[in-house]
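Protein sequences appear in the order of chains A and B. Position 10, counted from 1, in the first sequence is what our numbering calls 32; the numbers after and before it change by one each time, with no gaps. Position 134, counted from 1, in the second sequence is what our numbering calls 636; the numbers after and before it change by one each time, with no gaps. To start, the structure itself, in structure tokens.
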Amino acid sequence: MRTQLYYQLSNTAGLTAVVSDRIYPQRVPKSDATPYVVFDVIDREANYQQSGYNSFNKMIVEISSVGTSISECVSVRDQVFTALDTEHAEWGDTGDKVQMHSIKLLTESDNFFLFDGSEDGIREITQTYELNYTEA
Amino acid sequence: MANFKEGIGCTLGFGTSSITLNLFDVSLDGVSHSDIATHDQSTTGYITYVASTLTEGGTMSFNVNWELYDHVALEGALGVSQTITITLPKVNSGDATAPSYSFTGYLNNISQSAQIGDLIKGTLQIKVADDITFVDGAAV
Chain A
23 MRTQLYYQLS NTAGLTAVVS DRIYPQRVPK SDATPYVVFD VIDREANYQQ SGYNSFNKMI
83 VEISSVGTSI SECVSVRDQV FTALDTEHAE WGDTGDKVQM HSIKLLTESD NFFLFDGSED
143 GIREITQTYE LNYTEA
Chain B
503 MANFKEGIGC TLGFGTSSIT LNLFDVSLDG VSHSDIATHD QSTTGYITYV ASTLTEGGTM
563 SFNVNWELYD HVALEGALGV SQTITITLPK VNSGDATAPS YSFTGYLNNI SQSAQIGDLI
623 KGTLQIKVAD DITFVDGAAV
């Protein structure tokens, strides 16, 4: 699912128009420019039945839209939301897709970080989403 | 060692209907005898009872993940009397026989629920309409 989430974000024209290819799983290159998107999986629940696991999964992901101003973060955040707002669509590249069911925005928070005593710092809007999907 | 087993790996078989089921919970409810009071004016102490001669077979209930490519067959099985076989998991994977029970029964109730963020689920109820034959699991 991480691969398909990355594919979905990096193949949404509105988002790449804002952040280019600066979409990262877990870790951001130290010298990279802003704005960018970084995401982490923070929970996954597989569905179980008498015959064992079935293909239905629930995953919670945290996605941060990072920029130097709150308006920049909001712009990225809006495009992330649009990229994910695709109930019943397939995500992923040919031959490596998952079937999405529902995508729910659970939480959203604003954060501000100072670096090296600078008053500029960076800002981020962090959202958590619940992704319900079926593996191929 | 006690012959316990977690409730995972159960299967349900219909004698004549061909239905794909994604079983979640399986329960056999209400296999019982009625209590017949036998006390009279001369009885002292506790009220006395005997068990009824006949056994009520009760109802089997199954929670399922709804199989959307096979629910026409499920509807078609409503009210159809047939052999129902429930096989429980073997105590040890190398056991020769899995515990099971079977009886003549019929599907008498199906219900379904669709909720955001979860699989479409359903509940099936099967009326036990005759004797239940229990088969013990066996190691050899």
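Glycine residues also receive a C-beta, built at the ideal position from the N, C-alpha and C atoms. A quick note: this is a predicted structure, and the numbers were derived from the prediction, not measured.
As the crow flies, the alpha-carbon of Gly532 of chain B is around 22 Å from that of Ala579 of chain B. Pro47 of chain A and Phe61 of chain A do touch by the CB rule: their CB atoms are close to 6 Å apart, below 8 Å. Checking the DSSP bridge columns, you'll see Thr38 of chain A has no partner listed. The three-state reading of DSSP puts Gly117 of chain A in coil, since its state is none of H, G, I, E or B. The beta carbon of Ala158 of chain A is closer than 7 Å to those of Lys119 and Val120 in its chain, skipping five residues each way along the sequence. Nearest Cα to Asp572 of chain B within the set B:Gly509, B:Ser520, B:Lys623 and B:Val642: B:Ser520.
His123 of chain A sits in a strand when the DSSP states are folded into three classes.
Look at Ile622 of chain B: its C-beta is not under 8 Å from any C-beta on chain A.
Along the length of the segment 525–582 of chain B, whole alpha helix (DSSP H) runs at least 4 residues long occupy 573–578, reported in chain order.
Annotation: Gln121 of chain A has no Cβ neighbours in chain B at a cutoff of 8 Å; minimum Cβ distance is about 13 Å. At a cut-off of 4 residues, the continuous stretches assigned as alpha helix (DSSP H) that sit fully inside the segment 34–112 of chain A are 35–41 and 92–106. Bounds of the beta strand (DSSP E) holding Ser604 of chain B are Ser602 to Ser615. Buried is the label assigned to Thr148 of chain A, since at least 16 other Cβ atoms lie within 10 Å of its Cβ. Residue pairing from DSSP leaves Ser519 of chain B without any beta-bridge partner. Sequence-distant partners of Phe516 of chain B (beyond 5 residues in either direction) whose C-beta falls short of 7 Å from its own C-beta, in its chain, are Ala579, Gln584 and Ile586. For the pair Leu136 of chain A and Phe103 of chain A, the CB atoms are not nearer than the 8 Å cut-off.
Of the candidates A:Val63, A:Asp43 and A:Ile64, A:Asp43 places its Cα closest to the Cα of Ala55 of chain A. Within chain B, the residues placing a beta-carbon under 9 Å from that of Asn76 of chain A are Asn524, Asn567 and Leu621, ordered along the chain.
Per DSSP, reduced to three states, the secondary structure at Leu27 of chain A is helical. In this structure, DSSP gives Ser131 of chain A an extended state, which the three-state scheme calls strand. Take the alpha-carbon of Asn611 of chain B and the one of Thr546 of chain B: they are about 45 Å apart.
Relative to the Cα of Asn565 of chain B, the nearest Cα in the group B:Ile628, B:Gly559 and B:Thr518 belongs to B:Ile628.
Pairing Leu106 of chain A with Tyr151 of chain A gives a Cβ-Cβ distance under 8 Å. Contact check between the segment 523–532 of chain B and the segment 60–76 of chain A: three or more CB pairs, one atom from each, fall below 8 Å, which counts as touching. At a C-beta separation below 9 Å, Gly511 of chain B has these neighbours in chain A: Gln72, Ser73 and Gly74.
Secondary-structure assignment with DSSP links Ala640 of chain B through a beta bridge to B:Thr599.
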